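Numbering-wise, the sequence shown is residues -20 to -1, 1 to 248 according to mature numbering (1 follows the signal peptide of the UniProt record, and there is no 0).
Heads up, the beta-carbon is just placed ideally off N, CA and C, and yes, glycines get one too.
The structure displayed is predicted, hence computed values, not measured ones.
What follows is a single structure, written as C-alpha cells, with notes after it.
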Amino acid sequence: MEMLTFIIFSTLLLSSPCHADTNVNTGSQCSESDRATNSSEYEANLSGMLNSLAANGPIHDGFYTAEAGKGVNKIYGLAQCRGDISAADCAACIKNVTMVQSCSKSRNATLWFTWCFLRYSNTSFFGEWDQSGMASYNDTNFEDPKVVSEALNFTNTLVSTTPSQPLMYQTAVLDVGQNGKRYGMAQCTRDLSKSDCGMCLEFQLVTYKNSVGNKRSWDIYGFSCSLWYHDYQFYNISTPANGGSTRSSPHQVAIGMAFPALVFLLVL
C-alpha cells in the first residue's frame, strides 16, 4: 500500500493540546583568546547591555538587540526567544541565560537555552549571518528508513518557506501514517534580511543532510538560524511550556566553529 504523507505548516497559535519541551541550558561557545581580565568599564557595559536585553526582549516579540559603551570597551548583544514561547517564559529564559557564568570572561560568546539564546561580542554582528553553531542528536535513535526521504522533503519545504514568514519563524507537522508524526520548526534571528535567513537555513540544511539526516530527533542551533525536528510535539500550541517528554542524552557536534573553544552545558 502506498504511504500518503501530509505536511501541515503553521505560524499561528492554535487552540489544541500541546506537548512542549522543558527549558534547559543546551550549550555555549565562548572565545578563549580574550579571556584576560576585563576592565571595570567593560564589565559595567556588559552588565548594562545584558539588563537591556532581559528587559526589552520579551516586550518586543521575543527579539532585541542592544549595545553599550564605546571604543575598546563597547559591547554588542542580541537575545531571541523561540517563536512559540510566551512573553512570561521568554522573560524568564532571557533572564536565566544572561546569568550563566560559563562565558563571563569572554568578549565573544553565544549561549543557547531550549527556549532562547544570547549572543554578544565586542564587534558588531547585527545583520550578518554566521554559519557557526552546533548540532544535537541522540546517536542511537535512528529514523525509520521509510521516513528518511519524507523527512528530507519536509525539511526542504520548511527551510524554503520560513524566510517569507513575518517573524522568519515557522512550525510544521509531517504525518507519515503508521510511523506516526514528525514535528519541525525553523527560525532566523530577526536582524537578518529574508535572503540572508534563506542562506543561513540552506547551510543548516546541508548540516542536516551530512550529520543528522537519519536521526529521529535532532536540533541544529546556529548563531543566526536554527532547525528542530522531533517525533513528539516539542513546541507550544496554545499554552506555556510546563513539561516535556523524556529524552536520552544527546550527542553534540560543532558546526563551522568561529571560536577555538567549545563548551557544552547540559541539564537533562
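DSSP places residue 5 in the uninterrupted beta strand (DSSP E) bounded by 5 to 10.
DSSP places residue 135 within a helical segment (H, G or I) once states are collapsed to three. Spanning the alpha carbons of residue 153 and residue 142 requires a straight line of approximately 14 Å. Distance between residue 151 and residue 20, taken at the CA atoms: about 43 Å. Comparing alpha-carbon positions, the option among 52, 33 and 77 lying closest to residue 7 turns out to be 77.
An exposed status is given to residue 52, since fewer than 16 other beta-carbon atoms sit within 10 Å of its beta-carbon. Beyond the five residues adjoining it in sequence on each side, residue 57 comes within less than 6 Å, by CB distance, of 29, 33, 46 and 100 in the same chain, given in chain order. When only Cα atoms are considered, residue 206 and residue 167 end up about 6 Å apart.
By the Cβ rule, the segment 196 to 213 counts as touching the segment 94 to 114, because three or more pairs are nearer than 8 Å. In terms of Cβ geometry, residue 9 and residue 103 do not form a close pair [threshold 9 Å]. In the DSSP assignment, residue 74 falls within the alpha helix (DSSP H) that extends over 67 to 78.
Within a 10 Å sphere around the beta-carbon of residue 127 sit 16 or more other beta-carbons, which makes this residue buried. Here DSSP, grouped into helix, strand and coil, assigns residue 154 to strand.
If the five residues before and after residue 159 are omitted, its C-beta is found closer than 7 Å to the C-beta atoms of 124, 126 and 127, all from its own chain and listed in chain order. The criterion of a C-beta distance shorter than 9 Å is satisfied by residue 209 and residue 197. A residue is called buried when at least 16 other Cβ atoms come within 10 angstroms of its Cβ; residue 71 meets this threshold and is buried. The C-alpha of residue 169 lies about 16 Å from the C-alpha of residue 73. In this structure, residue 139 sits away from residue 108, with a CB-CB distance that is not shorter than 9 Å. DSSP, reduced to helix, strand and coil, places residue 21 within a helical segment of the structure shown. Comparing alpha-carbon positions, the option among 192, 176, 177 and 165 lying closest to residue 214 turns out to be 165. According to DSSP, residue pairing for residue 99 in a beta bridge involves 58 and 90. One Cα belongs to residue 65, the other to residue 79, and the distance between them is close to 19 Å.
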